[in-house]
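First to last, the protein sequences are chains A and B. Positions 0 to 334 (numbering that gives the first Met the number 0) are the ones given, in order, by the first sequence. Positions 0 to 829 (numbering that gives the first Met the number 0) are the ones given, in order, by the second sequence. All residues carry an ideal CB built from backbone N, CA and C; glycine is no exception. One structure is given here, and the rest of the page talks about it.
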Amino acid sequence: MQDINDIHDKLIAQIVASDSPREILKSSDLKQLYNVILTLPVNERGVYGKKINDLKQKLETAVVARETELEDLTVQAIDVTAPWDINTSELSLLPTEQGTQHPLTTELENVIDIFTRMGFEAIESRQIDDDDHMFTTLNFPENHPARDNFDTFRTEEGFVSPAHTSTMQNRILKKNKSKLETDGQIAAISYGRVFRNEDIDATHEHTFYQYEGVFVSNDATLGQMLGTLRSFFEIYYGQKLETKTQPAYFPFVEPGLEFAIEKPATLGGEPGDWLEMLGCGMIHPNVLVAAGIDPTKYRGFAWGGGVERLVMLKYNIEDIRHFESGKLQFLRKFL
Amino acid sequence: MIVSLNWLKQLTDIDIPIKDLATLIGARLVEIEDVVDLGVKYKNVIIVKVISAEKLKDSDHLSVVKIDDGGITQDVERDDQGYIQVVCGAPNIKTDQFVVWLPPKSIVPETYNSTEPFVLSSRKLRGVMSNGMIASARELDLFDEHDGILELDVNVAKPGTPFATVYELNDCLLDIENKSLTHRPDCFGIIGFAREVAAIQDKKFKTPDWLLNLEPDLNDLSDKNMNLSVAIDDSSLSDRYQAIVMSGVDASKKSPLQVQTYLARVGIRPINAVVDVTNYLMLLTGQPLHAFDYDKLVAVAGDKPDIHVRAGYKDEKLELLDGRIINLTTEDIVIAAGKTAIGLAGAMGGANTEIDNNTKNIIIESATFNLYNLRSTQMRHGIFSEAITRFTKGQPADLTAPVLAAAVHLMSKWSGAICASNVAEAYPVNQTLPIIEFTANLINNILGSEFDVDNIINILENVEFKIEREGETIKATVPYWRADIHIVEDIAEEIGRLTGFDNINPTLPRRNFVAVRPTEFDDFRKKLRKILVRAGANEVLTHSFVHNDILQKANQDSNNSYRIANSISPSLQYYRQTLTPSLLNLVNSNIRQGYENFALFEINKSHKKQDGMTNENVPVESEMLALTIANKNTKSGASYYQAKKFLDYLCKTVGLSVTYKPVKPEMNEPLSAPFEYRRSAIICDRATESQIGIVGEYRKSVTKGFKLPEYVAGFEIDVCQLFDACRDLSKSYKPLSRYPVSYRDICLQVSNDVNFNQIINNIEDTLDSIDLETEISPVDIYQAKDNMVKNITIRIKLFAYDHTLTSDEVAEVINKVVDSAVVKINAKVI
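The following block contains the structure:
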């Protein structure tokens with residue numbers, strides 16, 4: 000009886016040199032090993048059987064590696080500088096009528112467009128960030144229960160996957176605070192991808208897009224915030240809209256509100272149908288202080304809303320999971 | 000959280016319909032998710048008196064019962080005296096009892112909201128007529144008590160009185176969205192909630208006197224023969240800890256049924272008088288209470304009634320009331336008897352001091368704990384009780400004393416226990432009430448509103464702020480239950496909220512007349528999307544996180560990815576390093592959906608560890624553009640050229656001239672990892688030679704792993720690099736010439752190892768030295784079978800701005816081109 004290790008070494012050597020490595024898995028040496036099992040006392044069979052299986056696994060891995068190697072040998076280099084292959088002719092692009100832009104990027108461009116016309120600079124949000132920007136500079140003390148409401152992904156390296164575009168707020172305030180002296184105001188939106196660690200279903204995604212606004216001046220009021228938001232939605236939906244609010248608690252604003260609009264007629268809305276669109280409020284003085292802005296001289300407001308909600312309402316999309324599904328079936332509807 | 004409307008009405012007037020009230024609460028306090036009408040379940044359910052109850056012959060448990068319904072039920076069979084007969088299976092049925100009767104045609108409340116509501120009738124049971132049924136607490140959907148029928152107090156009401164009227168069950172239950180009350184511990188008590196409900200209707204609220212008495216005197220009640228000492232060992236863990244001993248506890252005593260129904264309707268199961276007192280007061284005030292078995296505690300502590308509040312020790316264990324044994328950490332707050340842990344503070348008591356049927360003496364605890372510690376305890380041990388939900392909102396230290404006093408009163412009233420010690424207390428740091436000074440002007444400046452001083456004072460006094468006015472200055476003393484009010488912005492919120500933010504006039508900020516435009520980078524990305532869409536490609540967005548499988552299939556090393564530590568989904572393990580693997584993952588599924596020939600692209604961020612940190616010490620982000628073309632059917636020619644076609648079109652449209660350089664086999668970057676180096680090229684800016692990305696076919700193992708068709712290829716480029724390369728390009732428009740254009744095709748035979756670019760460069764170099772306008776384009780690339788040479792045909796376009804070219808001029812140019820090709824790349828003219 001040959002030792003299992005010897006057989007391992009022998010067969011591996013054969014595989015590495017073989018042009019048809021899979022054949023070696025049919026080796027009589029292996030068959031013999033199986034026959035040995037029956038000759039062993041019952042209590043030793045399990046251990047032995049496991050050894051044979053381990054061996055088989057290793058051989059299989061080696062076979063796959065060798066097969067890949069052999070395949071690679073057949074790869075022909077090509078002239079990468081040529082416009083088309085030898086003995087073929089000029090290639091064409093795909094029919095333009097089958098090209099589509101993703102509805103989320105289309106609407107995001109639309110949102111950015113409206114806000115820039117309203118005087119807000121647009122800045123893209125980060126997709127990996129730290130606790131400091133995600134929470135601490137936004138007046139969420141360490142261990143604050145409100146942090147729980149954000150179901151934040153964390154990495155082993157200690158970073159966070161931002162759960163809101165407010166992760167850019169401290170940066171925007173710091174970068175633009177000199178503008179308060181010169182222009183008298185900061186007006187910016189941050190937009191981009193955010194993440195929540197939750198189960199997905201037709202109305203929940205762990206990955207979605209937000210747009211966040213920040214406005215600071217020496218005389219900003221809550222009334223101005225309501226006016227700005229109403230104005231945005233009226234431009235977006237192209238009609239006059241009723242709005243309403245509801246008190247809400249977010250540590251980075253005081254007062255904090257949820258903002259709703261009456262469902263626009265263009266979306267089949269009837270009077271009395273309300274759509275919750277976003278959270279908003281007057282920037283908490285601690286958030287201004289964290290960015291080095293004197294809250295006794297300046298005040299501001301901020302808001303954050305979801306892009307998917309805008310798009311789903313606009314096109315009547317039934318399942319939020321379609322957006323990141325990459326299904327052409329879905330994508331080609333947005334010509 | 001469930002709030003009972005009737006309970007609110009005990010505390011404040013409500014004179015608007017429930018629908019309007021719900022809207023008002025929604026606009027001025029908190030979102031209401033649902034309003035449930037409780038009363039509908041109890042329609043026709045009435046209180047009756049048992050006139051007689053006799054055992055039914057041949058049955059060991061059924062009784063034939065005659066009841067007096069006061070004669071109010073219609074269409075039901077009655078005997079000579081007008082009584083109604085019901086067969087009842089409960090062991091506790093007795094003559095002269097007052098019980099609850101569900102008449103025929105009524106629905107058993109327990110089944111009211113089920114898919115098959117049970118409608119009662121008159122029918123014979125064992126040959127005896129039975130009309131409707133006498134109900135247990137469970138059948139009444141009150142609480143889970145099914146050992147017998149629900150016994151009411153004798154003479155609680157005239158027979159025939161609706162059950163719901165007597166027990167105030169014609170109620171509406173408001174389902175409150177807790178999340179937005181995270182900062183409002185007071186609203187987790189019905190008194191606090193009622194205060195808000197009063198104020199949003201512009202009514203003054205009056206907190207019950209007992210709750211305002213912060214130093215209640217319990218001396219008269221106390222027998223004081225028992226000792227108790229408490230200590231907070233670390234004052235950061237608890238602001239205040241109070242406890243008192245009560246003796247003569249009877250665990251079999253129940254609290255009043257009325258109280259039980261209130262507990263039950265908001266979701267708390269009545270147990271006995273002792274437990275019900277603690278729950279009732281928690282619901283009323285927001286202050287959780289806990290009761291320990293005194294004698295067990297003394298035994299655990301080594302014969303001393305000695306309580307400590309301290310941090311958990313490492314390696315310390317505690318068995319909880321629910322039977323779980325948990326490992327404590329130094330972040331947990333522990334209640335200890337002597338040295339031994341007897342409870343996880345604020346979360347759950349320990350098994351070693353649990354109250355049972357033999358308990359005679361109890362300790363009632365009324366305390367506050369550090370909410371941050373409790374929050375981590377809650378997460379670590381997965382405890383989500385009503386008590387910890389309230390504690391983690393931060394209950395104020397002042398609240399413990401009046402609630403403890405109320406507990407002593409109710410405990411003696413409902414359970415017969417008597418107070419047996421002084422209040423033992425630890426209160427290391429006295430909490431003081433903040434006073435906030437402001438003017439009406441400041442409030443109006445924050446809100447954009449027009450309140451006058453009297454308005455503001457009235458609004459704040461409605462919710463019991465103490466106000467002093469000095470000229471224009473308002474000094475508001477914050478009530479002790481409002482731990483959330485610290486700064487003038489908090490006052491502004493109170494004013495705006497209680498009067499309705501929607502009553503503030505929306506205006507627009509004044510802005511400087513300066514145009515703002517999207518950043519050039521945003522515009523550039525927008526342009527890239529438009530170009531690729533025009534080329535027939537489909538934009539996708541895919542997740543930023545990928546499963547390890549995807550990285551492996553794409554030949555990328557997961558050690559280079561930031562790893563998600565807490566994902567609830569196994570498919571979200573790593574940040575992706577490039578976009579290509581995500582696109583490859585979509586090809587097969589789309590082919591199976593019936594799409595044969597398509598191009599997918601995505602513009603998004605990617606992250607890899609090798610890129611290091613920004614100056615803010617967060618990971619560098621790359622903005623990438625990836626495209627993959629796939630064709631289910633085989634096509635002649637390498638798919639590489641199809642991907643390159645898209646890329647050439649993209650570069651040409653943004654005005655960038657690029658070169659394609661071979662990929663070195665040893666190149667091992669996440670970007671190049673999925674690509675087959677012999678059939679891929681590095682894309683470089685022609686002017687600066689800086690690398691922009693890679694285009695090519697994928698490795699065999701990648702194609703296999705993602706189950707890709709044979710004809711598949713793609714590119715991935717760094718959008719920032721591309722943007723930088725395009726930034727300074729000048730527009731290259733040249734006027735049209737008025738003179739005719741000449742074309743000449745030349746066919747050059749070159750060795751196979753001369754690449755196309757060398758030929759083009761050679762021709763271009765020659766043409767650059769000529770004083771005519773020229774353009775070149777490829778016409779044909781031919782290779783005979785097994786030949787070592789290839790024939791390349793190039794078209795040369797020639798013209799001048801000032802004259803028509805003569806054939807000699809053209810011939811001279813072509814000769815120069817040919818001569819150079821012959822000399823420099825060994826070409827032969829065909």
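Quiz prompt | Selected residue, minimal CA-CA separation from B/Val64, among B/Leu624, B/Gly322, B/Cys87 and B/Ile681 | solution = In the second sequence, counting from the first residue as 1, residue 64 of chain B sits at position 65. Nearest C-alpha to B/Val64: B/Cys87.
Quiz item: Rounded to a whole number of angstroms, what is the C-alpha to C-alpha distance between A/Met0 and B/Lys699?
Solution: As a position in the first sequence, residue 0 of chain A is number 1, starting the count at 1. As a position in the second sequence, residue 699 of chain B is number 700, starting the count at 1. Only weak support exists for where A/Met0 lies, its pLDDT of 49 falling under 50; the value from the coordinates is given anyway. So the two alpha carbons sit approximately 40 Å from each other.
Quiz prompt | chain B contact for A/Tyr236 (CB, 8 Å cutoff) | solution = Numbered from 1 along the first sequence, position 237 holds the residue referred to as residue 236 of chain A. No, because no Cβ of chain B sits closer than 8 Å to the Cβ of A/Tyr236.
Practice problem: Report the residues of the segment 681 to 706 of chain B with a CB closer than 7 Å to any CB of chain A, ordered along the chain. | Solution: Lys699 and Ser700
Quiz item: Per DSSP, A/Gly299 is paired with what?
Solution: Taking the first sequence and counting its residues from 1, the one referred to as residue 299 of chain A is at position 300. A/Gly299 is bridged to A/Val215.
Quiz item: What residues in its chain sit with their C-beta under 8 Å from that of B/Met873, if we drop five residues either side in the sequence?
Solution: Outside the modelled stretch of chain B, which goes from 0 to 829, sits residue 873 of chain B, for which no answer is possible.
Quiz prompt | Residue nearest to A/Asp2 in terms of C-alpha spacing, selected from A/Thr95, A/Tyr235 and A/Lys50 | solution = To locate residue 2 of chain A, count along the first sequence from 1; it is residue 3. Of the candidates A/Thr95, A/Tyr235 and A/Lys50, the one whose C-alpha sits nearest the C-alpha of A/Asp2 is A/Lys50.
Quiz prompt | Proximal residues to A/Arg298 (C-beta, below 6 Å), its chain only, five neighbours per side dropped | solution = For the purposes of this step, residue 298 of chain A is taken as the residue at position 299 of the first sequence. Ala219, listed in sequence order.
Practice problem: Let me know the secondary structure DSSP gives B/Ser679 once reduced to three states. | Solution: Stepping through the second sequence from its first residue, residue 679 of chain B is reached at position 680. The answer is strand: DSSP assigns B/Ser679 an E or B state.
Self-check item: Interface residues of chain A facing B/Thr518 [CB-CB closer than 8 Å]
Solution: Taking the second sequence and counting its residues from 1, the one referred to as residue 518 of chain B is at position 519. Residues of chain A passing the Cβ test: Glu120, Ala121 and Ile122.
Quiz prompt | Neighbourhood of B/Ile17 by C-beta distance below 8 Å, restricted to the same chain and skipping five residues each side | solution = Within the second sequence, residue 17 of chain B is the residue found at index 18, counting from 1. Closer than 8 Å at the Cβ level, and outside the excluded window around B/Ile17, lie Leu4, Val34 and Cys171.
Practice problem: Assign B/Val39 to buried or exposed, taking buried as 16 or more other Cβ atoms, counted over all protein chains shown, within 10 Å of its Cβ. | Solution: One-based indexing of the second sequence puts residue 39 of chain B at position 40. So B/Val39 counts as exposed.
Quiz item: Near B/Ala346, what residues of its chain come up, given a Cβ to Cβ distance below 6 Å and the 5 sequence neighbours on each side ignored?
Solution: The sequence position of residue 346 of chain B within the second sequence is 347, counting from 1. Around B/Ala346: Thr376, Ile382 and Ile387.
Practice problem: Please name the residue, chosen from A/Glu241, A/Leu10, A/Phe322 and A/Asn52, that lies closest to B/Asn502 on a Cα-to-Cα basis. | Solution: Your numbering for residue 502 of chain B matches position 503 in the second sequence. Minimum Cα distance to B/Asn502 is reached at A/Glu241.
Practice problem: Assuming B/Leu626 contacts B/Leu728 (C-beta within less than 8 Å), just tell me the rounded distance between them. | Solution: Here the question's residue 626 of chain B lines up with position 627 in the second sequence. Here the question's residue 728 of chain B lines up with position 729 in the second sequence. Not quite, the Cβ-Cβ distance comes to about 22 Å (not below 8 Å), so this is no contact.
Quiz item: Rounded C-beta distance between A/Tyr248 and B/His182? I'm assuming under 8 Å.
Solution: Your numbering for residue 248 of chain A matches position 249 in the first sequence. Your numbering for residue 182 of chain B matches position 183 in the second sequence. About 5 Å; that satisfies the 8 Å criterion.
Self-check item: Selection of the segment 13 to 44 of chain B by Cβ proximity to chain A, strictly under 9 Å
Solution: Gly25, Ala26, Arg27, Leu28, Val29 and Glu30
Quiz item: Does the segment 62 to 81 of chain B come close enough to the segment 183 to 194 of chain B that 3 or more CB-CB pairs lie under 8 Å?
Solution: no
Exercise. For B/Ala629, name the three-state secondary structure that DSSP assigns.
Key: If you number the second sequence from 1, residue 629 of chain B lands on position 630. Here B/Ala629 sits in strand by DSSP.
Quiz item: Counting along the chain, where does the alpha helix (DSSP H) carrying A/Gly118 start and finish?
Solution: Position 119 of the first sequence holds residue 118 of chain A. Note, A/Gly118: premise wrong, no alpha helix (DSSP H); not H, not E.
Quiz item: If we cut at 8 Å on Cβ distances, does B/Lys789 have a partner in chain A?
Solution: Taking the first residue of the second sequence as position 1, residue 789 of chain B is located at position 790. B/Lys789 counts as touching chain A.
Exercise. Could you tell me which residues DSSP pairs with B/Asp67 in its beta bridges?
Key: If you number the second sequence from 1, residue 67 of chain B lands on position 68. DSSP, once it has assigned bridges, lists B/Lys48 as partnering B/Asp67.
Self-check item: Limits of the alpha helix (DSSP H) - the one that B/Met410 falls within
Solution: Working through the second sequence from its first residue, we reach residue 410 of chain B at position 411. Where B/Met410 is concerned, the enclosing alpha helix (DSSP H) stretches over Thr399 to Ser414.
Exercise. Verify the CB distance criterion: does A/Val288 have a CB-CB separation below 8 Å to chain B?
Key: The residue given as residue 288 of chain A occupies position 289 in the first sequence. By this cut-off, A/Val288 is not an interface position.
Quiz item: Under 8 Å, do A/Ile85 and B/Ile780 count as touching if we go by C-beta distance?
Solution: Residue 85 of chain A sits at position 86 when you count from the first residue of the first sequence. Residue 780 of chain B sits at position 781 when you count from the first residue of the second sequence. Going by C-beta atoms, A/Ile85 is nearer than 8 Å to B/Ile780.
Practice problem: Have a look at B/Ser448 and B/Leu571 and give me their C-alpha separation to the nearest angstrom. | Solution: Translated into positions along the second sequence, residue 448 of chain B becomes position 449. Translated into positions along the second sequence, residue 571 of chain B becomes position 572. Taking the straight line joining both Cα atoms gives about 48 Å.
Exercise. Might you give, ordered along the chain, the residues of its own chain that have their beta carbon closer than 8 Å to the beta carbon of B/Leu582, omitting 5 neighbours on each side?
Key: Counting from 1 along the second sequence, the entry for residue 582 of chain B is found at position 583. Contacts found: Val539, Thr541, Leu599, Phe600, Glu601, Ala625, Leu626, Thr627 and Gly713.
Practice problem: Would you list, in chain order, the members of the segment 436 to 447 of chain B that have their beta-carbon closer than 7 Å to a beta-carbon of chain A? | Solution: Asn444, Ile445, Leu446 and Gly447
Quiz item: Any idea if B/Asn112 is buried or exposed, counting beta-carbon neighbours within 10 angstroms, 16 or more meaning buried?
Solution: To locate residue 112 of chain B, count along the second sequence from 1; it is residue 113. Label assigned to B/Asn112: exposed.
Self-check item: Residue range of the unbroken beta strand (DSSP E) whose run includes A/Trp273
Solution: Along the first sequence, read from residue 1 onward, the residue named residue 273 of chain A stands at position 274. That run of the beta strand (DSSP E) goes Trp273 to Ile282.
Quiz prompt | As assigned by DSSP and simplified to three states, the class of B/Leu649 | solution = For the purposes of this step, residue 649 of chain B is identified with residue 650 of the second sequence, where counting begins at 1. The answer is helix: DSSP assigns B/Leu649 an H, G or I state.
Exercise. List the residues of chain B whose Cβ lies closer than 8 Å to the Cβ of A/Asn169, in chain order.
Key: Counted from its first residue, the first sequence places residue 169 of chain A at position 170. Chain B residues near A/Asn169: none, gap ~10 Å exceeds 8 Å.
Quiz prompt | Exposed unless 16 or more other CB atoms sit within 10 angstroms - verdict on B/Asp717 | solution = For the purposes of this step, residue 717 of chain B is identified with residue 718 of the second sequence, where counting begins at 1. With 16 or more Cβ atoms within 10 Å of its Cβ, B/Asp717 is classed as buried.
Quiz item: Is it buried or exposed for B/Phe674, if we count other Cβ within 10 angstroms and need 16 for buried?
Solution: For the purposes of this step, residue 674 of chain B is taken as residue 675 along the second sequence, with counting starting at 1. Per the 10 Å Cβ criterion, buried.
Quiz item: By Cβ distance, which residues of its chain are closer than 6 Å to A/Leu90, with the 5 residues on each side in sequence left out?
Solution: In the first sequence, residue 90 of chain A corresponds to position 91, counting from 1. Closer than 6 Å at the Cβ level, and outside the excluded window around A/Leu90, lie Trp83.
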